[in-house]
Structure formats: structure tokens, C-alpha cells
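*Asks:* My numbering applies: residue 192 is where the sequence shown begins, and numbers increase by one.
Quick one: the structure is below, questions incoming.
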Amino acid sequence: MAIRGILIALIILMSALLVMVFRIMGGSAPVENNPPAEIVLEDSVLDVRTEVFEEATLERIIELAGQTAANRRETIVAQSGGTLSDISVNKGDVVAVGDVIALISADARDENLRQAEQALVAAEIDLDATRALVDEGFVARNTLSDLETAYEAALAAVEQARDQVNDLEVRSTITGLVENRVAQVGGFVGAGDPVLAVTSMDPLLISARAGEQQIAEFAIGQIADAELATGQQVEAVISYISPFADAATRTFEIEAEAPNPDYSLFEGVTATVQVRIPTPGLHYVPTGLLQRAPDGRQGLYSVNADNQVVFNPTEVISADLAGSWVSGLEGDVTLITVGQASVKDGLTVNPVAAEEVEQISAEERLNQ
Numbered sequence: 192m193a194i195r196g197i198l199i200a201l202i203i204l205m206s207a208l209l210v211m212v213f214r215i216m217g218g219s220a221p222v223e224n225n226p227p228a229e230i231v232l233e234d235s236v237l238d239v240r241t242e243v244f245e246e247a248t249l250e251r252i253i254e255l256a257g258q259t260a261a262n263r264r265e266t267i268v269a270q271s272g273g274t275l276s277d278i279s280v281n282k283g284d285v286v287a288v289g290d291v292i293a294l295i296s297a298d299a300r301d302e303n304l305r306q307a308e309q310a311l312v313a314a315e316i317d318l319d320a321t322r323a324l325v326d327e328g329f330v331a332r333n334t335l336s337d338l339e340t341a342y343e344a345a346l347a348a349v350e351q352a353r354d355q356v357n358d359l360e361v362r363s364t365i366t367g368l369v370e371n372r373v374a375q376v377g378g379f380v381g382a383g384d385p386v387l388a389v390t391s392m393d394p395l396l397i398s399a400r401a402g403e404q405q406i407a408e409f410a411i412g413q414i415a416d417a418e419l420a421t422g423q424q425v426e427a428v429i430s431y432i433s434p435f436a437d438a439a440t441r442t443f444e445i446e447a448e449a450p451n452p453d454y455s456l457f458e459g460v461t462a463t464v465q466v467r468i469p470t471p472g473l474h475y476v477p478t479g480l481l482q483r484a485p486d487g488r489q490g491l492y493s494v495n496a497d498n499q500v501v502f503n504p505t506e507v508i509s510a511d512l513a514g515s516w517v518s519g520l521e522g523d524v525t526l527i528t529v530g531q532a533s534v535k536d537g538l539t540v541n542p543v544a545a546e547e548v549e550q551i552s553a554e555e556r557l558n559q
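What follows is the structure, given as C-alpha cells:
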């Protein structure tokens, strides 16, 4: 215990001596009255990475459900009554405008035409002979009046008889496929009675319906790509856009015409129609570049020729996983791609092009 007490006393004594030494040294050293260090503030310019984005055209695709339809259907009728003596076409045959597709029995009409033509010849001979006599002075000129009237009547009778004979030919009024034979050979048809049904399928119509939010996107002459349920792929041209909405569905009818010269496309087939809508004057940018201005507007930060930041309000037209198509920019524009979250409108920055950064990185890799 005595030894422990001695050690404690020595420690206290040493501590006291050290305190005295420090006080003596501090008191003897001169105190310099140095002024406080001057704090120098330098304006720093923020480095930002930039990239040039070019103006481009976005082709948006609007998809509609539709089906194929005949271009026109028409029932060919008899122009005159009588017995149907012949039908020269069958179902599925192709006919053109003006083709004779059926005949009605002439009955007495051919004989009527023959007699009318003979009467016309006789009237013409009498008129010519009398004119010669008048010219020679043997007959008074006023006698020509009755003969000229008789000649005109004979001519009209011939034309009427010919029309009656021509009406015996049933001609197609459209080009298309014979869909159905309505009348039968040997049966009686009256004037205006149906004989054949002909369907025009070249071009073939593709009919679809567009909603209220879509209809303004379409225009006459736009190309529509259609995939039919048969597996056939066709290219059609929009030919009709209805200005009237369906009262129940609030949709508008759109028709497109697809060439079908070989009649290989079928009517009434379900079709998936895609129309490409070009939207020019857009820019495709990474979605992460979009920022919110202090006033809440969405946009992109660009750098002008004076290295000043400019906020450009934009609207997203379309987006995918990689980026967004936006409107609101004009021409080729230099956008801030790194550091856009740290800038504000009007700030002066030091833009570093992405190409320069890539070049420096490549040189550093070569030097390693």
C-alpha cells in the first residue's frame, strides 16, 4: 500500500511540473496580431454534357377492326317483256359493262322491223321521185310536204322497231362477277323484271369503324395495310370517311379500296386494318431527360449559342421503353443529357458534347 501511495504522489508531481512548463513557454512567446485569412469566392461554371437531337417524323400506327365488302351490287333487269330464250352466263362468270348476258324471244318484233324498213325504203323512193318532178316543173312544190311527212313517220317507225329488237338483249350495266341467276330460260319476264345479279369486286372495299378520338387522324388517300382472316395481305387506299357517327356506338365508317383484278380476295372476310399516321416536327429523346420547371411545366433543357440554358416546354406525343417522342422543339437542338437536374433557365454553363467525352474516354483507355 505504501508503494502505491508513493506512485500516485509522483504522478501528481509530474503533472504539476508539466503545467508550469507550458505556462512559462506560452507567456514568453510573442503573440502576432495576424489579420484573418481573406476568403476568396470565385464564380464557377457548371459543366454539363450535351447531345444534338435531330427533328424527325413519327409514324404512329392506328389499328382498326373491319371486314371486306363488295364495291357494288346490281340487279340486271329486262328492258322489254317476253319469253327469256337464253342466259349466256353462269354464277361466278366475269362480265363487263355492255356484255349481252341474256336474250328475250323476238316473237313478231323481227317481222315488224323488216316491214318498217321496207316502208321506209318505199317512202324514200317516192320522195326522191317527186323531188325530181318538182325540179323539172311537172309537179307543184307543195306536193312535197305530204311526202316528207310520210318519210319522217316511216323513219320513226324503223327506230321504234329497232329499239324493240334491241330491248330483247339483256346487257350488264357493271363489270363484276355473276352472283346469281334470278330468272330461268323459258320463263316470262316483264319490263323491269330482274334477270341476273352482278357484284363488282374490283376494287374490293375494306370497311372499318373509327372512334371519336381517332377519326380526325384519317384522310382520303392514306394507305391502309390490311391482314385478312384468310392470311392474305393487301394494301388499300382510303376512299371514304363518313362525317356521320353511328348513334349507338359513336363510331365513324371508313372505307378503303384494295385492287382485286383477279378476284382472288373474298367478300365478307374479317380484316385487321393498320393506318400509318405521319407526325412531322417531333424529336425522340430518352425519357429521363424530361424535367419539371418551377412552375410545373414539363420540358427539356437546351443550350443556346451563348452557352445559356433554355427551358423548352414539350408535350409527349408517344412513348416506349427507350424514350419519348415530344413536340415543342424546333429543328436540330442541343439538349443537356447529364446535369439537367442542376440547371435553370438562363444559367450559363460549360457544355461538353457527348462525342468529346467518348473521345477522351477512348484516349484514356489507350494510355492505360
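Virtual Cβ for every residue (Gly too), placed ideally from N, Cα, C.
Could you give the distance in angstroms between the alpha-carbon of residue 354 and the alpha-carbon of residue 280?
*Replies:* Cα to Cα, the separation comes out at about 23 angstroms.
*Asks:* Starting from residue 258, trace the beta strand (DSSP E) both ways and give me its first and last residue.
*Replies:* Here the beta strand (DSSP E) through residue 258 covers 247-260.
*Asks:* Answer with buried or exposed for residue 364, where buried requires no fewer than 16 other C-beta atoms within 10 angstroms of its C-beta.
*Replies:* Its Cβ having fewer than 16 others within 10 Å, residue 364 is exposed.
*Asks:* Is it right to say residue 413 is buried, meaning 16 or more other beta carbons lie within 10 angstroms of its own, or is it exposed?
*Replies:* So residue 413 ends up on the buried side.
*Asks:* Using the DSSP secondary-structure output, state which residues sit across from residue 492 in a beta bridge.
*Replies:* For residue 492, which the question treats as bridged, DSSP gives the partners 502.
*Asks:* Would you mind sorting residue 324 into buried or exposed? The rule is 16 or more other CB atoms within 10 Å of its CB.
*Replies:* Classification of residue 324: exposed, given that the 10 Å Cβ count is below 16.
*Asks:* Assuming residue 415 contacts residue 442 under a Cβ cut-off of 8 angstroms, what Cβ separation, rounded to an integer in Å, is found between them?
*Replies:* About 16 angstroms separates the two Cβ atoms, so there is no contact after all.
*Asks:* On the DSSP bridge assignment, give the partners of residue 434 in chain order.
*Replies:* Residue 434 pairs with nothing; no bridge assigned.
*Asks:* By the DSSP assignment, the beta strand (DSSP E) with residue 295 in it spans what residues?
*Replies:* Per DSSP, residue 295 belongs to the beta strand (DSSP E) from 291-295.
*Asks:* In angstroms, rounded to a whole number, what distance separates the CA positions of residue 316 and residue 333?
*Replies:* Whole-angstrom Cα-Cα distance: 18 angstroms.
*Asks:* What is the DSSP secondary structure of residue 447, counted as helix, strand or coil?
*Replies:* If DSSP states are grouped into helix, strand and coil, residue 447 belongs with the strands.
*Asks:* Below 8 angstroms on the Cβ atoms is my guess for residue 503 versus residue 493; work out the distance and round it to an integer in Å.
*Replies:* The pair is a contact, with the Cβ atoms about 6 angstroms apart (cut-off 8 angstroms).
*Asks:* For the beta strand (DSSP E) containing residue 374, name the first residue and the last one.
*Replies:* Run containing residue 374: none; DSSP gives neither H nor E here.
*Asks:* Is it right to say residue 524 is buried, meaning 16 or more other beta carbons lie within 10 angstroms of its own, or is it exposed?
*Replies:* So residue 524 ends up on the buried side.
*Asks:* Return the Cβ separation of residue 259 and residue 396 in integer angstroms, given the expectation that the two are a contact with Cβ distance under 8 angstroms.
*Replies:* Contact flag correct, Cβ pair sits at about 7 angstroms.
*Asks:* The beta strand (DSSP E) spanning residue 560 covers which residue range?
*Replies:* Any question about residue 560 goes unanswered here, given that the chain covers just 192 to 559.
*Asks:* Compute the Euclidean distance between the alpha carbons of residue 423 and residue 456, then round it to the nearest angstrom.
*Replies:* Computed Cα separation, rounded: 8 angstroms.
*Asks:* Could you say which of 272, 418, 320 and 328 lies nearest to residue 380 if we only look at CA atoms?
*Replies:* Cα-wise, what sits closest to residue 380 is 272.
*Asks:* Taking the beta strand (DSSP E) that residue 472 falls in, what are its first and last residues?
*Replies:* 461-476 is the extent of the beta strand (DSSP E) around residue 472.
*Asks:* Between the alpha carbons of residue 429 and residue 278, how many angstroms are there, rounded?
*Replies:* The alpha-carbon atoms of residue 429 and residue 278 are separated by roughly 37 angstroms.
*Asks:* Please classify residue 546 as buried or exposed, where buried requires at least 16 neighbouring CB atoms within 10 angstroms.
*Replies:* So residue 546 counts as exposed.
*Asks:* From this set, 476, 389 and 330, which residue's C-alpha is nearest residue 284's C-alpha?
*Replies:* Minimum Cα distance to residue 284 is reached at 389.
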